[in-house]
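Enquirer: In the working numbering, the protein residues as written are 146 to 469.
Think of the CB as a built atom: it goes at the ideal place given N, C-alpha and C, for glycine as much as any other residue.
First the structure, which I've put down as structure tokens, then a few questions once you've had a look.
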């Protein structure tokens, strides 16, 4: 029935996001079985042995880690589907919850803004350091705020809009595969001589998977810009000029659109500068959060509309007519 297909498509998304909002932090047993944690641990344990095989070892590492997790969670989803609608919704909701971490991202960035606003630069540096790889021990307030905003919009793609897009295309397992691929990039996708060979494949897959979502998210920011009190036309111009200015093929797109919307300059010293304003301050971090929230709201509205259409019958989305 159409109603069942709609429920199977929408309820896991809604419940998964609700679970994330209610319980974003994992510890103890829940952390030990979290797929991001287990895939990271597995990758770090295997990378040393596979590093000797160069790039072939890097491809094998990705296939082993992602393959093991995909088989395990795919089997759980298949068994739940066979068992009926309620088991399917429950298992799928958990998969969405661990694949789309919204609240944690917003709270971490919000903490940076709050500490900057209260004049606690040391605390802001510490909070921002949990978001980025660059060293912030001696960074000024503007560069700390910039790091937080940059991370917010890069992670909005990596951890939110991209897994949601793959949920639309492939169902819960699609969201999880994207999240696992992003975790692999974070674990081994470094450019230093020690990790470059074993991490190259993970980095390439992550870049490929996020290529379209990064650019779509930049356009969502342009559409949502007015909600953050920004200039949508400036956001579009800044994205057009600076979108390809970062070493990453994808990160510059959502970050440059945000810089243009907010009217600030986002800068990683010695690597890139996006936008033509001043470095951001605490208020800009808050405006960035509003922009990200508005962009996500538009994305969810579009995803829900697409899922409703697909539940009614989308031959190009193989998981949509689940129980036909």
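1. Could you name the residues of the same chain whose beta carbon sits closer than 6 Å to that of residue 258, not counting the 5 residues immediately before and after it, in chain order?
2. Three Cβ pairs or more, each shorter than 8 Å: is that satisfied between the stretch 300-307 and the stretch 281-292?
3. Taking all protein chains shown into account, decide if residue 186 is buried (16 or more other Cβ within 10 angstroms of its Cβ) or exposed.
4. Figure out for me which residue from 287, 416 and 329 has the closest Cα to the Cα of residue 354.
5. Residue ranges of each alpha helix (DSSP H) run of no fewer than 4 residues wholly in the stretch 239-320, ordered along the chain?
6. For residue 418, write down the residues that DSSP places opposite it in a beta bridge.
7. Would you call residue 452 buried or exposed, if buried means 16 or more other Cβ atoms sit within 10 Å of its Cβ?
8. Can you name the start and end residues of the alpha helix (DSSP H) that residue 359 belongs to?
9. Are the stretch 336-352 and the stretch 191-211 touching by the rule of at least three beta carbon pairs closer than 8 Å?
10. Please list, in chain order, all residues of the same chain as residue 379 whose beta carbon is under 6 Å from its beta carbon, the five residues on each side excluded.
11. In whole angstroms, what separates the C-alpha of residue 155 from that of residue 298?
12. Could you check the C-alpha separation between residue 440 and residue 371 for me, to the nearest Å?
13. Distance check for residue 394 and residue 201, CA to CA, integer angstroms please.
14. Between the Cα of residue 284 and those of 270, 325 and 241, spot the shortest distance and give me the residue it belongs to.
15. Going by other Cβ atoms of all chains shown within 10 Å of its Cβ, with 16 needed for buried, is residue 216 buried or exposed?
16. Given a threshold of 16 other Cβ atoms within 10 Å of its Cβ, counted over all protein chains shown, does residue 253 qualify as buried or as exposed?
17. Can you list, in chain order, the residues of its chain with a C-beta nearer than 6 Å to that of residue 391? Leave out the 5 residues immediately preceding and following it.
18. Please name the residue in 403, 246, 437 and 438 whose C-alpha comes closest to that of residue 425.
19. Let me know the alpha helix (DSSP H) ranges lying completely inside the stretch 146-233, each 4 residues or longer, listed in chain order.
20. Using 8 Å as the threshold, is the C-beta distance between residue 165 and residue 247 below it?
21. Helix, strand or coil: how does DSSP classify residue 397 here?
22. Assuming residue 383 is part of the alpha helix (DSSP H), what are its boundary residues?
23. Ignore the nearest five residues each way along the sequence and tell me which others in residue 471's own chain have a CB closer than 6 Å to its CB.
24. Which of the three DSSP states is assigned to residue 337 in this structure?
Expert: Based on what the coordinates show:
1. 427, 430 and 431
2. Touching, no, given that fewer than three Cβ pairs across the two stretches are closer than 8 Å.
3. exposed
4. 329
5. Segments of the alpha helix (DSSP H) lying fully in the stretch 239-320: 248-262, 266-274, 286-301 and 307-315.
6. Partner(s): 412.
7. buried
8. 341-369
9. yes
10. Sequence-distant Cβ neighbours of residue 379 in its own chain, meaning closer than 6 Å and more than five residues away, are 405.
11. 25 Å
12. 11 Å
13. 23 Å
14. Ranking 270, 325 and 241 by CA distance to the CA of residue 284 puts 270 first.
15. exposed
16. buried
17. 397 and 417
18. If we check each option's Cα against that of residue 425, 403 comes out closest.
19. 147-167, 173-177, 180-195 and 199-228
20. yes
21. helix
22. 377-387
23. A query on residue 471 cannot be resolved here, the shown segment of the chain reaching from 146 to 469 and no further.
24. In the structure shown, residue 337 sits in coil (DSSP, three-state: anything other than H, G, I, E or B).
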